[in-house]
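What follows is a set of notes on a single structure, which appears directly below.
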Amino acid sequence: MPSVTKRRERGPRARSGTTYRRHDSAVAVAFLSPAMIGFTVFAVLPVLGGLALGLFDWDLFSTPRYVGARNFVRLFSDPTMWQSLFVTLQFLLLGVIPTVLLGFMLAVLVNSKLPAVPALRLLFFVPMIASSAVTALVWAMLYNERQGFVNQALGVIGVDGPNWLSDTFWALPALVIVMIWSALPLVIILYLAGLQRVPDDIYAAASLDGAGPWRQLWSMTWPSVWPTTALVLALQAIGFLSGSFEMALLLTDGGPLGTTQSLALYAYRVAFNDLNFGYASALSMFQLVVFAAIVGIVQGVRRTLRKGGL
């Protein structure tokens, strides 16, 4: 009896797996394309353009002249660049930790059941709705040497206040205070969200064990919001690195004697005051490397905090 070989037909079910996979891939590409295009246009291309422009000497009006790596080599022998880098790190070190600690304490206060809490919430969140220009204008008046509120208040207790924004010692701390004030609302909101996730049962148990409010705060509340602290550290590091340009430009223009001139502000002045766009691009690329290193360190701290240890 002759054998009959049946040919297996590939039906719709056999084809459906491949079809669905192709369909899912097409949908994924369609959803990711706008983000990838935006990332390429606004992140990748500017970096590549900055690297390329750093290889030229160009003043915007004449023909660009290729100089190779000279602009990048010049960075390491430029004393103003090193001073600006030091100022940038000062902004970071003086601003981030106080902002985190003060924001946490204020969030605990706002989260409490004190009678004055609604008014405090409104007061603490005012900086969030003020633009940078308005913030700079208000603080310039507060810091005024003669009529400013700060020196007027110091005069009441017999202290002669300095010219805050023109003093080589006080200008940078004065700017840091402004930046902390501007950053606090976001930090308070993030910590409030973290505090809402802390169960009340642990406080009741701690009270039964004899732990007072201060002990509960630092032994229970603070460790419970470590994941939030990790996020706040990352955001504030980026915020102070970028804010050191904005507030310094508006309030001191990098003075006095460069004591508030960050890397970003120095690159801006080289580009638009000196019209040296090649060297300004090299400065910007160096700044990008510094920022990436700092953010990498902060991310390492963030991972440590997420694991529950300092």
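Position 270 of the sequence shown, counted from 1, bears residue number 270 in full-length UniProt numbering, the numbering being contiguous throughout.
No residue lacks a Cβ here, since even glycine has one placed at the ideal position from N, Cα and C.
*Assign residue 279 to one of three DSSP states: helix, strand, or coil.*
Walking along the sequence shown from the start, residue 279 turns up at place 279. In the structure shown, residue 279 sits in a helix (DSSP, three-state: H, G or I).
*At what residues does the alpha helix (DSSP H) containing residue 143 begin and finish?*
Position 143 of the sequence shown, counted from the first residue, corresponds to residue 143. Under the DSSP assignment, residue 143 falls outside any alpha helix (DSSP H); it carries neither an H nor an E label.
*Nearest-angstrom beta carbon gap, residue 172 and residue 260 [assumed within contact, 8 angstroms]*: Position 260 of the sequence shown holds residue 260. Position 172 of the sequence shown holds residue 172. The pair is a contact, with the Cβ atoms about 5 angstroms apart (cut-off 8 angstroms).
*asked:* At the level of alpha carbons, what is the spacing between residue 289 and residue 234?
replied: Mapped onto the sequence shown, residue 289 falls at position 289. Mapped onto the sequence shown, residue 234 falls at position 234. For residue 289 and residue 234, the distance between alpha carbons rounds to 16 angstroms.
*Give a yes or no on contact between the stretch 272 to 291 and the stretch 57 to 64, applying the rule of three or more CB pairs nearer than 8 angstroms.*
Yes, the stretch 272 to 291 is in contact with the stretch 57 to 64.
*What does DSSP give as the partner residues of residue 65 in its beta bridges?*
Taking the first residue of the sequence shown as position 1, residue 65 is located at position 65. Answer by DSSP bridge pairing, in chain order: 57.
*asked:* Tell me the residue span of the alpha helix (DSSP H) that contains residue 271.
replied: Numbered from 1 along the sequence shown, position 271 holds the residue referred to as residue 271. Run containing residue 271: 263 to 272, per the alpha helix (DSSP H) assignment.
*Residues in its own chain within less than 8 angstroms of residue 192 by CB, not counting five upstream and five downstream?*
Working through the sequence shown from its first residue, we reach residue 192 at position 192. Cβ-Cβ distances below 8 angstroms link residue 192 to 107, 110, 111 in the same chain, with the five nearest sequence neighbours on each side left out; the list follows chain order.
*Use the C-beta contact count for residue 66: other C-beta atoms within 10 angstroms, 16 or more gives buried, fewer gives exposed.*
Taking the first residue of the sequence shown as 1, we reach residue 66 at position 66. Under this definition residue 66 is an exposed residue.
*Do three or more CB pairs link the stretch 80 to 95 to the stretch 172 to 185 at distances below 8 angstroms?*
By the C-beta criterion, the stretch 80 to 95 is judged to be in contact with the stretch 172 to 185, since at least 3 inter-stretch pairs fall below 8 angstroms.
*How long is the line joining the alpha carbons of residue 265 and residue 134, rounded to whole angstroms?*
Counted from its first residue, the sequence shown places residue 265 at position 265. Counted from its first residue, the sequence shown places residue 134 at position 134. Taking the Cα positions, residue 265 is about 20 angstroms away from residue 134.
_Backbone CA spacing between residue 216 and residue 202 [nearest angstrom]_ = For this step, residue 216 is matched to residue 216 along the sequence shown. For this step, residue 202 is matched to residue 202 along the sequence shown. Straight-line Cα distance between these residues: approximately 9 angstroms.
_Rounded Cβ spacing between residue 165 and residue 252 (contact assumed at less than 8 angstroms)_ = Counted from its first residue, the sequence shown places residue 165 at position 165. Counted from its first residue, the sequence shown places residue 252 at position 252. 5 angstroms between Cβ atoms; contact.
_Rounded straight-line distance, which links the Cα of residue 186 to that of residue 222_ = Within the sequence shown, the letter at position 222 stands for residue 222. Within the sequence shown, the letter at position 186 stands for residue 186. Using only the alpha carbons, I get a separation of about 18 angstroms.
*asked:* Using a Cβ-Cβ cutoff of less than 7 angstroms, which residues in the same chain neighbour residue 99 once the five nearest sequence positions on both sides are dropped?
replied: As a working mapping, residue 99 is identified with position 99 in the sequence shown. If we look at residue 99 and ignore the five residues flanking it on each side, its Cβ neighbours are 180, 183, 184, 187, 236.
*According to the neighbour-count rule (16 or more other Cβ atoms, all chains shown, within 10 Å of its Cβ), is residue 207 buried or exposed?*
Position 207 of the sequence shown, counting from 1, holds the residue named residue 207. Under this definition residue 207 is an exposed residue.
*asked:* Tell me which residues share the same chain as residue 239 and place their Cβ nearer than 7 angstroms to its Cβ, disregarding the 5 neighbours each side in the sequence.
replied: Translated into positions along the sequence shown, residue 239 becomes position 239. Short of 7 angstroms from the beta carbon of residue 239, and not among the five residues preceding or following it, lie these beta carbons of its own chain, in chain order: 183.
*Kindly indicate which residue of 137, 62, 83, 295 has the alpha-carbon position closest to the one of residue 256.*
Numbered from 1 along the sequence shown, position 256 holds the residue referred to as residue 256. Answer by Cα proximity: 83.
_For residue 263 and residue 47, the rounded distance between their alpha carbons_ = Working through the sequence shown from its first residue, we reach residue 47 at position 47. Working through the sequence shown from its first residue, we reach residue 263 at position 263. Cα-Cα distance, rounded: 17 angstroms.
*Tell me whether residue 199 sits in a helix, a strand or coil according to DSSP, three-state version.*
Along the sequence shown, one-based indexing puts residue 199 at 199. In the structure shown, residue 199 sits in coil (DSSP, three-state: anything other than H, G, I, E or B).
*Pull up the distance between the alpha-carbon of residue 245 and that of residue 194, whole angstroms please.*
Residue mapping note: residue 245 aligns to position 245 of the sequence shown, counting from 1. Residue mapping note: residue 194 aligns to position 194 of the sequence shown, counting from 1. Rounded to the nearest whole angstrom, the CA to CA distance from residue 245 to residue 194 is 30 angstroms.
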